[in-house]
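*Asks:* Just dropping this structure here.
Dropping the structure here:
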C-alpha cells in the first residue's frame with residue numbers, strides 16, 4: 001500500500017471544490033502546491049474522498065463483526081459506525097466486548113423476556129396502535145408521528161411563482177466536457193459560447209440559429225511542452241475572455257499559461273510569464289493588450305472599473321463593498337449591508353460613456369449570505385435586495401441594456417431580475433451549483449456554468465413591448481428551456497440552449 005501527501009492533498013482539494021468551499025479550496029491548493037502535482041485530475045471521479053472513506057468505514061465494521069479466529073459473531077449484525085467512532089483507539093476491541101456482554105445478558109434473560117412479552121402483548125399492541133395514530137392536523141413521517149425530518153438552514157423553502165419558473169421538460173442538451181465547467185463567456189459579436197473546464201480544455205460552441213449542422217463545438221486542448229512533445233496539461237481552465245470584435249479568445253489555466261485562440265479554434269499565442277495559476281484575464285477595449293492575474297495573497301475578491309473608467313469598486317471577505325475615485329485616496333463609499341463574504345461585483349452598462357447614457361449607473365454585489373444587492377452608486381445606498389437564492393451567490397451579470405440582471409448560485413438556480421423593480425421575472429433550476437452567468441451581445445441569451453460539469457446556454461429575454469398591456473418579460477409559446485443532468489458519465493458536461501421564439505422576435 002502506498003499513500004503520498006500529494007494524493008491526500010489532491011483528494012481533500014477536490015472535496016473542498018465539490019462541496020462549494022471555493023475560498024478554502026483556493027487557499028489549500030496554493031499552500032499544498034496542487035498545481036505542481038503530476039496527478040491527472042480528469043481521471044479522478046467525483047466524490048473520490050467520500051468513496052474511499054466509506055470503504056474504510058466498511059473495513060472497520062467488518063473487523064468488529066469477525067472473531068479473532070475468523071468466524072462471524074452468531075447473530076451479529078453489521079456494526080454501523082460514524083466516521084469519528086471509526087478513528088477512536090481500540091474501537092474494534094471495545095465494540096466486540098460490549099457485544100459479548102450484551103449477548104450474555106440477552107441469553108440469561110431470554111426466558112423471562114419471552115414470558116413478559118407473551119403476557120403484555122395484547123396491551124402493548126393496543127397502546128402502540130393508539131400512540132401511532134396521528135391526531136387531527138398532525139402529519140406523519142414514514143408512518144410515524146415523530147419521524148426524523150430532513151433539516152436545512154432556511155426557515156422557509158424557496159418559492160418560485162409558476163409564471164416565472166422555466167419548466168425543465170423542454171431542453172436541448174449538448175455534451176462535451178468531462179469535468180466541472182468553471183467559466184463561460186459569450187462572443188460579443190456572434191452566438192458563440194466559450195466554456196472552460198477542469199478537463200484541461202476550453203470549448204467554443206456554435207449556437208447560431210442559422211447553423212445547418214446544429215450546435216457544434218471546437219475543442220481547445222491546453223497542452224504543455226515536455227520532452228519535445230505537446231502533452232495535456234491536466235490543469236483546470238479557470239478564465240476566459242473574448243476581445244471586443246469577437247475574433248480572439250483568451251484563456252487562463254491553472255498551469256500558469258495564458259493562451260490566445262482564434263474563433264476557429266486555432267492556437268495563436270501562448271503567454272508564460274506567470275509562475276502560478278491564472279485566475280482572471282481581460283482584454284482592453286482596443287484588443288491589443290491582455291491583463292492577467294494570478295495568485296493574490298489578500299482577501300479582496302473582485303475589483304471592477306465602472307464603464308467610464310473613473311470609479312473603481314472592490315469587494316472583500318470582510319463583507320464590505322468600497323467605491324474608489326482616482327481623484328482621492330480614501331474611498332468614496334464604504335457600503336456595509338451583506339452579512340457574509342461578498343464574492344463578486346458587476347457594474348451596469350449604463351450611464352455616461354455607455355450605449356445607455358440616459359439610465360442611471362448601478363452596481364450589483366453577490367454574497368455568500370445568499371443575496372444579491374443593487375446599489376445606487378451616486379447616493380451610496382442599496383436600492384434592491386434580491387433574496388430568492390438559498391445558497392451562496394457566485395455570479396451576477398447585467399443584460400446589455402441594463403434592464404435585467406442574471407444571478408447564479410450554488411442552490412443550482414439561475415434567476416433573472418428586473419433591475420428597476422427588483423422583481424424576479426424568470427428562473428431556471430439545474431442540477432449543479434452555478435459558478436458563472438453571462439449574457440450574449442444582443443441580450444437575448446444567458447449562459448451559465450455549473451459544478452456538475454454542465455453549461456447552460458439560453459435565449460432568455462426580449463425586452464420589446466408591442467403594447468402597453470404586454471407583459472414586462474414577453475415570451476412566445478415555443479420556449480426551449482434548459483436541463484443539465486449528465487446522463488451517463490458523472491462528470492460529463494452538458495450545454496443547454498434556452499430559446500425564446502416570440503412573435504415579436506422578428507420585429508426587434
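Residue numbers (full-length UniProt numbering): 1 to 508.
Glycine included, every Cβ here is placed at the ideal spot set by N, Cα and C.
Every value quoted in this text rests on a predicted model; they were computed, and no experiment measured them.
1) Please confirm whether residue 6 and residue 50 have their CB atoms less than 8 Å apart.
2) How many Å lie between residue 186 and residue 327 at the Cα?
3) Alpha carbon to alpha carbon, how far is residue 175 from residue 217?
4) For the pair the stretch 324-344 and the stretch 356-376, tell me if three or more CB-CB distances fall below 8 Å.
5) Which first and last residues belong to the beta strand (DSSP E) in which residue 182 is found?
6) Distance check for residue 375 and residue 360, CA to CA, integer angstroms please.
7) For residue 206, does the three-state DSSP call read helix, strand or coil?
8) Taking all protein chains shown into account, decide if residue 36 is buried (16 or more other Cβ within 10 angstroms of its Cβ) or exposed.
9) If distances are taken between C-alpha atoms only, which option among 59, 184, 357 and 11 comes closest to residue 203?
10) Tell me, please, whether the stretch 280-289 touches the stretch 307-315 by the rule of three or more beta-carbon pairs shorter than 8 Å.
11) Using DSSP bridges, identify the partner residues of residue 226.
12) Three or more C-beta pairs under 8 Å: does that hold for the stretch 438-445 against the stretch 421-428?
13) As a quick exercise: from 16, 236, 57 and 408, pick the residue whose alpha carbon is nearest that of residue 343.
14) Cα separation between residue 126 and residue 9?
15) For the alpha helix (DSSP H) that residue 334 lies in, which residues bound it at each end?
16) Going by the beta-carbon positions, is the gap between residue 280 and residue 239 smaller than 8 Å?
17) Could you spell out where the beta strand (DSSP E) holding residue 426 opens and where it closes?
18) In chain order, what residues of the same chain lie with their CB nearer than 6 Å to the CB of residue 260, ignoring the 5 residues before and after it?
19) Since residue 415 is in the beta strand (DSSP E), which residue starts that stretch and which ends it?
20) Tell me which residue opens and which closes the beta strand (DSSP E) that residue 447 is part of.
21) Determine the extent of the beta strand (DSSP E) in which residue 384 is found, giving its start and end residues.
22) Please classify residue 231: is it buried, with 16 or more other beta-carbons within 10 angstroms of its beta-carbon, or exposed?
23) My output table needs one value for residue 376: the three-state DSSP class, helix, strand or coil.
24) Have a look at residue 292 and residue 257 and give me their C-alpha separation to the nearest angstrom.
25) Residues in its own chain within less than 8 Å of residue 271 by CB, not counting five upstream and five downstream?
26) Starting from the C-beta of residue 362, find all residues in its chain whose C-beta is less than 6 Å away, skip the five residues before and the five after it, and write them out in chain order.
27) Hey, quick one: how far does the alpha helix (DSSP H) through residue 6 stretch, first residue to last?
28) From the DSSP output, which residues share a beta bridge with residue 436?
29) Taking the C-alpha atoms as reference points, what is the distance between residue 177 and residue 329?
30) Taking just the CA atoms, how far does residue 23 sit from residue 15?
31) Would the beta-carbon of residue 219 fall within 8 Å of that of residue 201?
32) Per DSSP, what kind of secondary structure is residue 361 in: helix, strand or coil?
33) To which residues of the same chain is residue 241 closer than 7 Å at the C-beta, ignoring the five residues directly before and after it?
34) Rounded C-beta distance between residue 12 and residue 26? I'm assuming under 8 Å.
35) Roughly how many whole angstroms lie between the Cα atoms of residue 18 and residue 101?
36) With 16 as the cutoff for other CB atoms within 10 Å, does residue 432 come out buried or exposed?
*Replies:* In short:
1) Taking 8 Å as the cut-off, the beta carbon of residue 6 is found no closer than this to the beta carbon of residue 50.
2) Computed Cα separation, rounded: 34 Å.
3) Their Cα atoms are separated by approximately 9 Å.
4) A contact exists between the stretch 324-344 and the stretch 356-376.
5) Start and end: 181-186.
6) C-alpha of residue 360 to C-alpha of residue 375: approximately 11 Å in a straight line.
7) Three-state DSSP puts residue 206 in a strand.
8) By the 10 Å Cβ count, residue 36 comes out exposed.
9) Considering only alpha carbons, the answer is 184.
10) Because the criterion of three Cβ pairs below 8 Å is not met, the stretch 280-289 and the stretch 307-315 do not touch.
11) Looking at the DSSP assignment, residue 226 forms a beta bridge with 229.
12) At 8 Å Cβ cutoff, the stretches do not touch.
13) Distance from the Cα of residue 343 is smallest, within the candidate group 16, 236, 57 and 408, for 408.
14) The pLDDT assigned to residue 126 is 44, lower than 50, so where the model puts this residue is not dependable; a value taken from the coordinates is nonetheless given after this. Residue 126 and residue 9: Cα-Cα distance of roughly 57 Å.
15) Per DSSP, residue 334 lies in no alpha helix (DSSP H) segment; the continuous beta strand (DSSP E) that holds it begins and ends at 333-335.
16) Going by C-beta atoms, residue 280 is nearer than 8 Å to residue 239.
17) Start and end: 424-429.
18) The residues 248, 250, 268 and 269, in chain order, have a CB closer than 6 Å to that of residue 260 in the same chain once the five nearest residues on each side in sequence are set aside.
19) DSSP places residue 415 inside the beta strand (DSSP E), whose first and last residues are 413-418.
20) Per DSSP, the unbroken beta strand (DSSP E) holding residue 447 starts and ends at 446-450.
21) According to the DSSP assignment, residue 384 belongs to the beta strand (DSSP E) that extends over 381-386.
22) Residue 231 comes out exposed.
23) In this structure, residue 376 counts as strand in the three-state DSSP scheme.
24) Distance from the CA of residue 292 to the CA of residue 257, rounded to the nearest whole angstrom, comes to 10 Å.
25) Excluding the 5 residues flanking it on each side, residue 271 has same chain C-beta neighbours closer than 8 Å at 257, 258, 259, 260, 290 and 292, in chain order.
26) Non-local C-beta neighbours of residue 362 in its own chain, meaning closer than 6 Å and more than five positions away in sequence, comprise 348 and 374, ordered along the chain.
27) In the DSSP assignment, residue 6 falls within the alpha helix (DSSP H) that extends over 5-18.
28) Partner residues in the beta bridge of residue 436, as assigned by DSSP, are 449.
29) Taking the straight line from one Cα to the other gives about 46 Å.
30) Computed Cα separation, rounded: 13 Å.
31) Annotated as proximal: residue 219 and residue 201, with beta-carbon spacing under 8 Å.
32) Coil at residue 361, not helix or strand.
33) The answer, listed in chain order, is 185, 250, 281, 282 and 283.
34) About 13 Å separates the beta carbons of residue 12 and residue 26, which is beyond the 8 Å limit, so they are not a contact pair.
35) C-alpha separation (whole angstroms): 43 Å.
36) Its Cβ being crowded by 16 or more others within 10 Å, residue 432 is buried.
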